[in-house]
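Here the structure comes first, spelled out in structure tokens, and everything after it is commentary.
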Amino acid sequence: MRRLLSTQWAPLLAATILAGIVLGFVTRQFGTAFNIYTILQTAAIYAAIGLAQMVVLAVADMSLAVGGIAGLVTITVGGLYDAQHCSVAAAVAAGLGLGLACGLVNGLIIVGMNLSGFIVTLATGTAFTGIAYGITSAIPYSTIPPALVSLGQGRVSFFSFLLLPAIALTIAVGAGFRWLPIGRSLLAVGGNREAALLSGISRARAIVVAHAASGLLAGITAVMYIGVLRSATPATGSDWLIISFAVPIIGGTALVGGEAPAMGCFVAALVLAAINDVLIVLNVNTEAVQMAEGLLIFAAVISGKLGQRIHGPSLMWRKPAARGRVRAS
Amino acid sequence: MSENVPADVPEAVPSRFAINDVWKSFGGVAALSGASLRLLPGEIHALIGENGAGKSTLINIATGVHRPDRGRVLMEGREVHFVTPGAAAAHGVAVVHQERNLVRKFSLAENLLLGRQPLTGGVVSYRRMADEARPWLERVGLDLDPLTEASCLSPGQAQLLEIAKALSQRCRVLLLDEPTSSITDTEFDHLRGILTELRDAGTSIVFVSHKLEEVYALCSRITVLRDGRNVLDGAPLSGVSQPEIVRAMVGRPIELRAGGSSRKRRAGAPRLELCGVSTEFGHRGVDLTVRSGEIIGLYGLVGAGRTELARCIMGLGRITGGELRVNGQPARIRNPYDALRHHRIGYVSEDRKDEGLIISHSISRNVGITVWDKVKHRMGWISEKRARLHVEPPLQRLNVKMHRLSQPVGSLSGGNQQKVSAAKWIAAEAELLIFDEPTVGIDVAAKDAMHRLIVELAEDGTGLLLISSDLREVVQLADRILVMGDFRVLADLANSGEYAPTSELVMRAITQATSQIQAPAAGASRADQSGLAEPAGP
Amino acid sequence: MPIAGGRFGRLDVVFGGQTSAFGLVLLIGLTWTAFTLAGSGFLSSFNLFSIGQLAARDAVLGMAQAMLVVAARMNLAVGGIGAVCTSLLGFLLVSVAAPLWLAVPLVCAGGVLAALLMGWVELTTGLSSFVVTLAFLSVYAGGALLVTGGRQFQITSQALTVLGSGTLLSPALCPLVAVAIACGMVCWLLYFRSSLGWKMLAVGANERAARVSGINVPWVVLAAYGLSGLLCAIAAIMNASYELNVNAGFGADWLLPSFIAAVLGGVALTGGEVSVAGILLAALFYDSLQSGLTIINVPSYWIELPQGLVLLVAVLLDQLRRRRARSRHRAPAVGAQAAAEPEAAVSP
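Heads up: the sequence lines are chains U, Z and R, in that order.
Taking the numbering used here, the leading residue of the first sequence gets 121, the next gets one more, and so forth.
Taking the numbering used here, the leading residue of the second sequence gets 30, the next gets one more, and so forth.
Taking the numbering used here, the leading residue of the third sequence gets 173, the next gets one more, and so forth.
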């Protein structure tokens, strides 16, 4: 329990719950079961988006293609079900396979050409979105598998069914990084590339795996989102860029790599969804949400930076490692 | 090649691990010319040498990072060829580097077993990991929970963890590259205990250090490298005195070209004065004066804090106490921009590739960078033609071999790169110039050119601070020699220009670093009598 | 071995970096020929006019991006600043009814200030430009929408309309092209004829070396941010001059063209290398391709795919060229560098 409280996201969660309780008393709308359901529904999607980015940040890379892959997977699932009359399971499986493949392509290009993930995924992400628009002629598929609709819209009181896959993903990703050898390798590469290399861990492999996992997670997110929207539109993912970074960064993921706090991601998603909702409930314009995300990113990274600064002196280039003490006598 | 062949090492005892007469050169510059290192089973062997002596290359050959051009590497008498660091590790050769190779967010146990974590049913088992790691941690005396995060470790403990890691890989030969550079006394005592234990268990240990007291406390034999050759080859430490080691490291008088004494000395007004300066790096009470037309040699072993002092003068590190005066006026230098713009101080960095030059840019841009503000028009316009007026003279003066000014500086040889790195400060007409290891890693001709340049600059009235690990160079060039050790000025010596007595004084200052410096020895009678002063106050 | 100088050298290195200008001219020629033959009306004045209109804006966006990429940073907030500037322009011209001569400088000042704020944050916090500009992208884009409440501004300024939709010399040439070329010339003067530009290149290529050589790095970085903001503001004004009915949503899709123009134009992502002509030509190529695809009746929803592919191919070719150049000119020098390396590693 003490370990739980000492994590980076604990204060954030506490503050959010506290603010939520206060708001519940102040405004009538906020505390209703339906409103909380809406928050949790959004949070589930945010958490999944954030996880897709986090696995790449863990190896000190980044992916701007999370949204693009999601768009492509969305229309694949929708198209196979609506136009090709495949079964739900087959459509979803094909969609997830495609997501994985897209991520794999990103990783292979990055490693093969020794490029930064930033520019490669900026390009491929656009290309994926482009393919999604092209195939569908920009027209959404509106016949959606009922199973996905009940996943996206279903609830018991305030509990959105979408939380189930979101929690499962959080646990799976968290456990993967904690228990699987490949998860440890990813973190080792992100944490200290030299040390990983000397221990025989391949950086190329780690990057490819991270991007492939990111693609798969983006695909799963897309499947979750289809039910929320009740349509499979290629526009899915077009506005995910900022949220995909905001969630893991606010959740305590370092951009320098080596960390993958899946639970932090989940909490950050809750917080962002709650803020989103509060601003709407308080009749503040929805655009303020976007601003709030930006400001929260700052708050998160700067507080993280300050934490680091306490540990080490800020020397220009060189640590004073060479300084030795005179041996007494 | 070895001037001092150990007599009392019985030939019958075969070496555990031996590097025999290896040669290695990089692009025509020799790093090793017939160096050897022979380790007996169960000994701690000191490997000593100055900057550029070839230690790192030797270690890299031992661990499979480099392959020798000539010579043999033997393990238990049989020749081995290490193609990769992995191959060396497989033969039981492990190295603990100066930089910490730890994943800070991982536990001690996991760092120890990185890349080979124990699995139970395909899943990392932390309990088994802790169990497997615990004996190794205990062996090096790390009495911590194996599941503690590595970021909690002190530098000394991190060092122990890396040793434990090397041991867990069943190494028979353990190379420690300056393991004590950042650890405390108690940690050293502890490390000594561990290493002694390992030695008694039969491990051969190579101990690289610049601290001679530690070498004496730990090691039984010593190998000293200088200029890529053995000066001492496995000599028993009991038969070698501390001054002898220092002398072996810094070398003895070879023919000296026109020394500092032949120069017209016209020391003028003080350009730079440090009075009781302390810095964030840990310098304390540093006094130093550089007059115009004077060359001050700043000598010391690696880790003495010379480069750090230069960086603080340039504003790349903080001065926390004392006073810095430029041309007699108290000055506060916040960054190199201040140093150049307001005080005309320049710094030829020792790190040519990352700090001295912009490798991908042209020669013209690299030299001109310091004068752009001077040659630009009022609106900030500038042209290569205008810059060239300031760029060409220093390049010609240094005789830089190039095709044209627009050639990228990365395509030049090391010596010419160093000349370009110096040329920009000549173009800037710096009145005080700090040279940090100006001749490391460059060929003889370029070395000569740099020496000539330094003398000429002094004759022109520039104040020069010469940081060098090459004592011959310092004695040859400097008017006065400041000996630094452990972030203090140990001695301020007038340089007679004669190598033998001066080097004697320098060595005495270093070896007696901790105690009061005593009267000059008889051999040093020709040295300036005021040469051996306490670091005096202002 | 000509590396920097070989402008019209071998075909295999023609498609990126230093040789990009020549390669791009070739590429544009091919594109134009192909689309002229394949569809009808590619060379019509109307089509050329609209290509010019779009290419001009994208070129300025590319320069805005390049300004920071040259200094080894990046500006993800080009669209955010664009939204702020568009809103400010709309507010000044429509709500306040300010004259154009007053509104334009104010908008430019707004863009500069918005970017300087990002630069200041980067310098004081020491965060990477990626995070800083990413966060500011959402702050600016969200803030602009919030403040304007998503309002549409109907711009009626005569002078602005002439700039965006009038003609220059021939009916095929949009006056905005002149604006872009003027910006390009100023940028060229900056990078190749001014000490500030030289310093920006130096900082981008090796910030440590630049600092130790006495360059005032924080000021140079701030200047790069400020100029990037200025170019974003100009792009926003250019955009408004032909869109006329503007809102704070403008700028949402600027990130990609800004990177395409810069990277395809031969600006090194690692900093310290720029080609202004390359940026102008890259923008022209990019918008010719877009327009040509429409001419040959590729449906509009297929337009986004080539955008991504163009960027991908540009990046891959650029990387190939760099590898080749490196392996060629490293050959004689690598040994000399390595000689200094192993021992330098020992130093404290």
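Quick reminder that beta carbons are idealized off the backbone N, C-alpha and C, glycines included.
Reducing DSSP to helix, strand and coil, say where residue i ends up.
i	result
Z:F46	strand
Z:R286	Residue placement at Z:R286 is poorly supported in this model, since its pLDDT is 49, which falls under 50; the coordinates are not used for a value here.
R:V470	coil
R:F263	helix
Z:H95	coil
Z:R163	helix
R:Q326	strand
Z:L343	The amino acid at residue 343 of chain Z is misidentified as Leu; the sequence shows Met. Z:M343 falls in the coil class under three-state DSSP.
U:I148	Contrary to the premise, residue 148 of chain U reads as Arg rather than Ile in this sequence. Residue state, collapsed to three classes: coil.
R:L481	helix
Z:T113	coil
Z:S391	strand
With 8 Å set as the bound, which would you pick, yes or no: does the beta-carbon of residue i sit closer than that to a beta-carbon of chain Z?
i	result
R:G386	yes
R:W426	no
R:L441	no
R:R494	no
U:N234	no
R:L394	no
U:I321	yes
R:N247	no
List the DSSP bridge partners of residue i.
i	result
Z:L6	Residue 6 of chain Z lies beyond the stretch modelled for chain Z, which goes from 30 to 567, so this question has no answer here.
Z:W52	Z:S62, Z:R99
R:N417	R:Q326
U:Y261	U:A352
Z:H74	Z:V235, Z:R250
Z:L68	Z:F46
Have a look at residue i and residue j and give me their C-alpha separation to the nearest angstrom.
i	j	result
Z:I48	Z:I234	14 Å
R:R245	Z:R370	26 Å
Z:V306	Z:S532	26 Å
Z:P437	R:A497	12 Å
Z:D172	Z:L189	11 Å
R:G315	U:Q410	8 Å
R:V304	U:A394	24 Å
U:T158	U:L235	40 Å
R:K371	R:A381	11 Å
Z:L241	Z:L131	28 Å
R:A408	R:C257	6 Å
U:I370	U:G170	10 Å
U:A420	R:S301	16 Å
Z:R300	Z:T209	37 Å
Using beta carbons (cut-off 8 Å, strictly below), is residue i in contact with chain R?
i	result
U:A139	no
Z:K405	yes
U:T249	yes
U:G144	no
Indicate whether at least one CB of chain U lies closer than 8 Å to the CB of residue i.
i	result
Z:G326	no
R:Y397	no
Z:G329	no
Counting only runs of 4+ residues fully inside the segment 296-362 of chain U, write out the alpha helix (DSSP H) ranges in chain order. Listed in chain order, the complete alpha helix (DSSP H) runs (minimum 4 residues) inside the segment 296-362 of chain U are 301-311, 313-318, 323-349.
Would you list, in sequence order, the uninterrupted alpha helix (DSSP H) runs of no fewer than 4 residues that lie entirely inside the segment 178-210 of chain Z? If we require 4 residues or more, the alpha helix (DSSP H) runs fully inside the segment 178-210 of chain Z come out as 184-197.
Go through the segment 246-332 of chain Z residue by residue and report every complete run of the beta strand (DSSP E) that reaches 3 residues or more, in order. Entirely contained in the segment 246-332 of chain Z, the beta strand (DSSP E) runs reaching 3 residues are, in chain order, 250-255, 258-265, 299-308, 315-320, 324-329.
Going residue by residue through the segment 212-263 of chain R, where are the continuous alpha helix (DSSP H) segments of at least 4 residues, counting only ones entirely within it? Listed in chain order, they are 217-242, 250-262.
Taking only runs of the beta strand (DSSP E) that begin and end inside the segment 343-385 of chain R, which ones reach a length of at least 3 residues, in chain order? Those beta strand (DSSP E) runs which fall completely within the segment 343-385 of chain R and span 3+ residues do not exist here.
Could you give the uninterrupted runs of the beta strand (DSSP E) lying entirely in the segment 273-330 of chain R, keeping only those of 3 residues or more? DSSP runs (the beta strand (DSSP E)) wholly in the segment 273-330 of chain R: none.
Going residue by residue through the segment 154-215 of chain U, where are the continuous alpha helix (DSSP H) segments of at least 4 residues, counting only ones entirely within it? Runs of the alpha helix (DSSP H) inside the segment 154-215 of chain U: 186-202.
In chain order, what are the residue ranges of uninterrupted alpha helix (DSSP H) at least 4 long that sit wholly in the segment 417-478 of chain Z? Here the runs fully enclosed are 443-456.
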